[in-house]
Amino acid sequence: ITVINGDFWVRVYLSHDLGFAEAYMHGDFIASPADLWIQNREHLPGLSSYANHALVTLFGLNVRAFGQSPSNAKSNAMTGYDVCNDCFKSFLSKDTTYSCVVFLEKAGGVRGDLTDTWTKEDLYTAQINKIHILLEKARLRPGDRLLEFGTDWGQLAIEAAKMGCTVDTLTLSVQQKFLAERRMAEEGLQDKICVHLHDYRNLPVHFQHQFDAFICVEMIEAVGIKYLPKFFRILDWALKPDRATAVITATTQPESRFSLYRTEDYARKYQWPNYFCPSPTYLVSTADAAIQGKLAVESIEQFAPHYARTLREWAMRFQKTWGPDVTQSLLKSQPPLAGGENLGIFKRKWEYMYVYAEIGYARGYTGLHHFTFVRPSLEPHDNVLTRCD
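Count along the sequence shown from 1, then add 371; that gives the number in this note's numbering.
What follows is the structure, given as structure tokens:
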């Protein structure tokens, strides 16, 4: 590490990993940022000050109580996703899907980008592959009705509609809704998909027991610990009483690191405000307690290594496409970035995110799990063969 500004030491002393991230964003040092921090994290408790300890405690209590309240949830979504559609397009594949992919072995698997077999289309192919894995887990058939929490930019809903399903999808992001609806219209699917701009806690009354399946891709982290039981009760309320399936993908914490009180760090301040990553067992046990076994666990799978490559792919695209077109769109969407070093700080914030998250997933510091839940009992008119179709 090469420290080029003495502010680095002050930031790390006062704010630990958040200070380390902010030091990188402000150009206070030169190094491989997240790998350096994670390798030394267990040796750094001695740097903690009384002020930092107090702030960490207060932040954890505040997030647990208010972090994902209905009023905060919209603000959190705006911070995470309403930055600028062109910025996201610059590093995502053409489907504009902002979540972990599942790479096929013919594309080199989780290390394909590090080999001579890499192609530009690998990311898009893997995203579509991931979406269809989730649709298959949800047991969707033509004519089924799907409920989705977290629209993203609409590709999952589009793929489900192409299968013959109707889709109701929820988002709190104005920019996502705008682009998703335009993409759906371009596909001629506007009559098959409805994008709702409102909170999942405020579903219309007529949604009760209307859905054959539910899918939520990396949105449950934004639910928060306080509202997680309510989240599952809403699923139970919206899904049909029989033959229904729920598929949830989530960034998770391993049980060895899991805590109900989370400190403020780079990700919770700058990328996904106030998010809460459960451990796999906590998510399952919370679901069971909230709805008393009305949805049974069908499968749990770990895909963290795929996220490491996903983030490397995004980072590469971000660096290659960063230029006048992207920066002009950013400045138009976010005028404050025009001041001083703000644009450079914004760029380094994203550079840090890619490495920070990649190393976390690659080293098992965080996980990415797919959870599948199903209605547990056969109905009189159902049978095992149709149940498993």
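Glycine is no exception: its CB is placed at the ideal position from the N, C-alpha and C atoms.
Non-local C-beta neighbours of Val-655 in its own chain, meaning closer than 8 angstroms and more than five positions away in sequence, comprise Val-668, Ile-671, Phe-742, ordered along the chain.
In the structure shown, Leu-541 falls within a strand segment according to DSSP collapsed to helix, strand and coil.
For Asp-607, the CB contacts under 6 angstroms within the same chain, skipping 5 residues up- and downstream, are Ile-662, Lys-665 in chain order. Contact check for Tyr-571 against Phe-602 passes: the beta carbons are separated by less than 9 angstroms. Between Asp-484 and Arg-683, the beta carbon gap of about 6 angstroms places them in contact (Cβ cut-off 8 angstroms). With respect to Ala-394, Thr-373 sits apart: the two C-beta atoms are not nearer than 9 angstroms. Going by C-alpha positions, Val-745 is about 10 angstroms away from Pro-612. Trp-489 and Phe-585 have their C-alpha atoms some 34 angstroms from each other. Apart from sequence neighbours up to five positions away, the residues of its chain that approach Gln-624 with a beta-carbon distance below 6 angstroms are Cys-648, Ser-650, ordered along the chain. In the structure shown, Arg-553 adopts helical secondary structure according to DSSP, grouped into three states. Excluding sequence positions up to five before and after Ala-532, its CB lies within less than 7 angstroms of the CB of Val-538, Leu-560, Lys-563, Ile-564, all in the same chain and listed in chain order. Only residues of its own chain outside the window of five on either side were considered, and among them Lys-720 have a CB closer than 7 angstroms to the CB of Tyr-641, listed in chain order. Across the structure, Met-396 and Met-534 are spaced so that their CA atoms are roughly 44 angstroms apart. DSSP places Gln-673 within a strand segment (E or B) once states are collapsed to three. Measuring C-alpha to C-alpha distances from Leu-527 to each of Ile-504, Gly-390, Gln-546 identifies Ile-504 as the nearest.
Going by DSSP, Phe-520 is part of the beta strand (DSSP E) stretching over 516 to 520.
The beta carbon of Thr-616 is closer than 6 angstroms to those of Ala-509, Arg-510, Ala-584, Val-745 in its chain, skipping five residues each way along the sequence. Gly-664 carries a coil assignment under DSSP once its states are collapsed to helix, strand and coil. Exposure of Gln-673 is indicated by the presence of fewer than 16 other C-beta atoms within 10 angstroms of its C-beta. The beta carbon of Leu-599 lies closer than 6 angstroms to those of Thr-657 in the same chain, with the five residues before and after it left out.
Given a length threshold of 4 residues, each whole run of the alpha helix (DSSP H) inside the segment 562 to 615 is given here in chain order: 599 to 609. Residue pairing for Gly-535: DSSP places it in no beta bridge.
Look at Val-383 here: in three-state DSSP terms it is helix. DSSP places His-397 in no alpha helix (DSSP H); its state is neither H nor E. Taking C-beta atoms as the reference points, Glu-519 and Thr-496 fail to come closer than 9 angstroms. The shortest C-alpha to C-alpha distance from Tyr-732 to any of Tyr-637, Phe-689, Pro-747, Ala-679 is the one to Ala-679. At a Cβ-Cβ threshold of 9 angstroms, Ala-551 and Gly-525 count as neighbours. For Leu-739, the enclosing beta strand (DSSP E) starts and ends at 738 to 745. Ile-591 sits close to Ile-619, with the two beta carbons spaced by under 9 angstroms.
The segment 464 to 474 and the segment 701 to 717 do not touch, with fewer than three beta-carbon pairs separated by less than 8 angstroms. The three-state secondary structure of Thr-622, taken from DSSP, is strand.
Excluding the 5 residues flanking it on each side, Leu-714 has same chain C-beta neighbours closer than 6 angstroms at Leu-708, in chain order. The segment 675 to 724 contains, as complete alpha helix (DSSP H) runs of 4+ residues, the segments 675 to 692, 695 to 704 (chain order). Per DSSP, the continuous alpha helix (DSSP H) segment holding Gln-498 begins and ends at 493 to 508. Looking at the DSSP output, Thr-486 shares a beta bridge with no other residue. By the 16-neighbour rule on beta-carbons within 10 angstroms, Ile-375 is exposed.
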